[in-house]
Amino acid sequence: MPAGLVFGVVDGGRTWRDVTPGHAKQVYAAAVLTPIDPTPTPDPDRSNNPKPHALDALWSHQCGIENLLRCMHPNLIIVKKVSLGPSQGKRQMICLTKPRLKPTDWGNFDAYARRIKKLRMPKPVHPYLESTPAAPDVYRALAMCDHHSRPYFPHLVHLTYQMPELSPDMLGFCATLIGPSIRSLALSLYEDQADLITVPLLLSYALRLSPSLQQLELSLGPSPDALSLLSSALQSLNQVRSLSLTLHAAPPVELWDALSAAPSITRLTLGAPADSLGSIQVVANLEAQRKLDFKQITHLTFQNISVTDCTHIMSCASLASVIGIHMTCRYLDELEGCNLIQAITSSCSFDLCELSIGSSRVPGSGIPADQLRTLWRTFRKITHLDISVPSRVDDTLVKDIAHTLPGLRKLGLTYHQDQRSRGQLGGVTSEGLARLVHDCPHLHELSLDMDLRYLEVGGEQPLPSSRNAQIKQLDVGSSRVADAATTAAFLTGLFPNLTTISQHNTPEHAQRWLEVTRLLSIFRRVRDDERRRMLTGGDTDVNHYGGRP
431 MPAGLVFGVV DGGRTWRDVT PGHAKQVYAA AVLTPIDPTP TPDPDRSNNP KPHALDALWS
491 HQCGIENLLR CMHPNLIIVK KVSLGPSQGK RQMICLTKPR LKPTDWGNFD AYARRIKKLR
551 MPKPVHPYLE STPAAPDVYR ALAMCDHHSR PYFPHLVHLT YQMPELSPDM LGFCATLIGP
611 SIRSLALSLY EDQADLITVP LLLSYALRLS PSLQQLELSL GPSPDALSLL SSALQSLNQV
671 RSLSLTLHAA PPVELWDALS AAPSITRLTL GAPADSLGSI QVVANLEAQR KLDFKQITHL
731 TFQNISVTDC THIMSCASLA SVIGIHMTCR YLDELEGCNL IQAITSSCSF DLCELSIGSS
791 RVPGSGIPAD QLRTLWRTFR KITHLDISVP SRVDDTLVKD IAHTLPGLRK LGLTYHQDQR
851 SRGQLGGVTS EGLARLVHDC PHLHELSLDM DLRYLEVGGE QPLPSSRNAQ IKQLDVGSSR
911 VADAATTAAF LTGLFPNLTT ISQHNTPEHA QRWLEVTRLL SIFRRVRDDE RRRMLTGGDT
971 DVNHYGGRP
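Residue numbers 431 to 979, in the numbering used here, belong to the letters of the sequence shown in order.
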């Protein structure tokens, strides 16, 4: 009989061996061994073998490694209590019955290991994903094994190593996973000094063993080894298209020069830790007169970097090929917004298509309306526009956007209010919204603050030319609404396929928007039923609406 595989779901005390895609990431079995053939034959009883998508979803994190251990020789694995350290007690863990592995110990390990294409270390923290972890000695034994071919997962494409603390055993094991199939590698630890070992080791393995690496994501602390290695490695990483760096300290000028000379990078992300609150001066070693040749970069992203640093980088860089700029910052005042817009308009070409400038939920933070007009009147090819604004926008601004940017596919003008501004009125009215949908027929995503309090019951419905069938989700922010039924009727006429409304509002208006969402579902079913009746020429059973007359 094949080796056992822990596979099931927590559902009323039952153990399953097959799950649907929707449940695959929410459930995980622990403690029941179910014999499963690694190369199953077609069986009319579908519960006998797991579906491929279930294996891929459940084994794409550290739990998958623990499952693979159970596929090894049954006499090799034992579960026992292991000490976690001084004053930390003990915990049940998977252990090996002997310190070194032999060629006869692997069982069905390789049969399942060939399936794994994505792996994220460690496993996600979720109450339904709790399972018995493997002891550090297990990972040490796997890393030191000298008779098994490497990498352990020959078809692994995406590897993410993000550990809360440095574990030499886990680190050594991850080094055995990097091979020529790796296309995407993400390395980060929560400790600032951890990259003294982690990043140089795993990055050097990637350089040597994965010549086709295309996507690289690194968290770099103040380690000179990691920064120096990356600076020299960028010249040889001629297949990397996307590079993302989270910086815990200002990079040396050598790294800036290496980024400028990197031949293949088209997507560059520069960021700081989310909890740094803009305290890291990323450009401390970048002189104003130094020029950065970013002519090969098409998408530039800044995450949690101060607006001053972002402006400094853009003033030094040549961004002639950039078609997308995305920024997130903690706060953006009027002066910073003015300087930022000036830097964008002076350094980017007229072909800019995507622009996203988001600030934290700080009231009054964002780009003022007069500065916004400078943007879309300069870059008339913009298709994705997502901006934080310091106050609610009105019909005049939205109509100006719609007239100037008819090719918009995404529009987001996000306004964050505080307790003092909750009583302030304003927003896009039904007329302005209808005009936007009419002038921008390609919209797929929309986020706006609206004022739909004055919709008339039974009022005029939007014309067919003003309907948008692409939008299924709508973000209304802190929009005000009076009558839920009237609002739902208007929105379903404007967006016939609308199913979801997201909002952050006062309890009173939040409840009204929930009622709008419920009515949208009813109106959609009525409309579908009418369409069905017209096609079939038959009558509709009242039970179609659960007995609604």
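Even glycine gets a Cβ: it sits at the ideal position worked out from N, Cα and C.
Local conformation of residue i per DSSP, three classes
i	result
A999	Residue 999 is absent from the structure shown; the chain starts at 431 and stops at 979.
L730	strand
H833	helix
C783	coil
H814	strand
R521	strand
T859	coil
G494	helix
L924	helix
R544	coil
G701	strand
A616	strand
D1023	Summary: the structure shown does not reach residue 1023, with the chain confined to residues 431 through 979, and so no result is reported for it.
A750	coil
T527	coil
V376	Because residue 376 is not part of the residues shown, which for the chain are 431 to 979, the question remains open.
V911	strand
L677	strand
T916	helix
Where the alpha helix (DSSP H) containing residue i begins and where it ends
i	result
V670	Counting along the chain, V670 falls outside any alpha helix (DSSP H), and DSSP gives it neither H nor E.
S877	Where S877 is concerned, there is no enclosing alpha helix (DSSP H), although the beta strand (DSSP E) it sits in stretches over 875-877.
M757	Premise fails: M757 lies in the beta strand (DSSP E), 754-759, not in any alpha helix (DSSP H).
S690	683-691
V956	937-966
V629	628-639
Q801	799-808
L664	First-last for L664: undefined, no H or E at that position.
F392	The requested residue 392 does not occur in the structure, where the chain is confined to residues 431 to 979.
Residue range of the unbroken beta strand (DSSP E) whose run includes residue i
i	result
G907	903-907
L646	645-650
Q772	Element bounds for Q772: not the beta strand (DSSP E) but the alpha helix (DSSP H), 764-777.
S513	507-513
S932	930-933
In DSSP terms, what residue i is bridged to
i	result
G788	T758
M880	V858
Y845	V819
Y591	M551, L617
K532	Per DSSP, none; premise fails for K532.
Nearest-angstrom beta carbon gap, residue j and residue i [assumed within contact, 8 Å]
i	j	result
Q733	T758	5 Å
I583	A543	Checking the sequence, you will find Phe at residue 583 rather than Ile. Rounded, the Cβ-Cβ distance is 5 Å, consistent with contact.
V670	L646	5 Å
S795	L762	5 Å
L700	L659	Contact flag wrong, Cβ pair sits at about 18 Å.
Distance cut-off 7 Å: residue i Cβ against heavy atoms of the ligand PLP
i	result
N769	Here there are no bound small molecules, and the ligand PLP is not part of this structure.
Minimum Cβ-Cβ distance from residue i to chain C less than 8 Å
i	result
S561	Looking at the structure shown, chain C is missing, and only one protein chain is on hand.
Could you say if the region 765-780 and the region 823-830 meet the contact criterion of at least three C-beta pairs nearer than 8 Å?
-> no
Assess, as a yes-or-no matter, whether the region 568-578 is touched by the region 601-611 under the definition of 3 or more beta carbon pairs within less than 8 Å.
-> yes
Pair every Cβ in the region 712-731 with every Cβ in the region 745-757, then say whether three or more of these pairs are closer than 8 Å.
-> yes
Taking contact to mean at least 3 C-beta pairs separated by less than 8 Å, is the region 855-866 in contact with the region 804-816?
-> no
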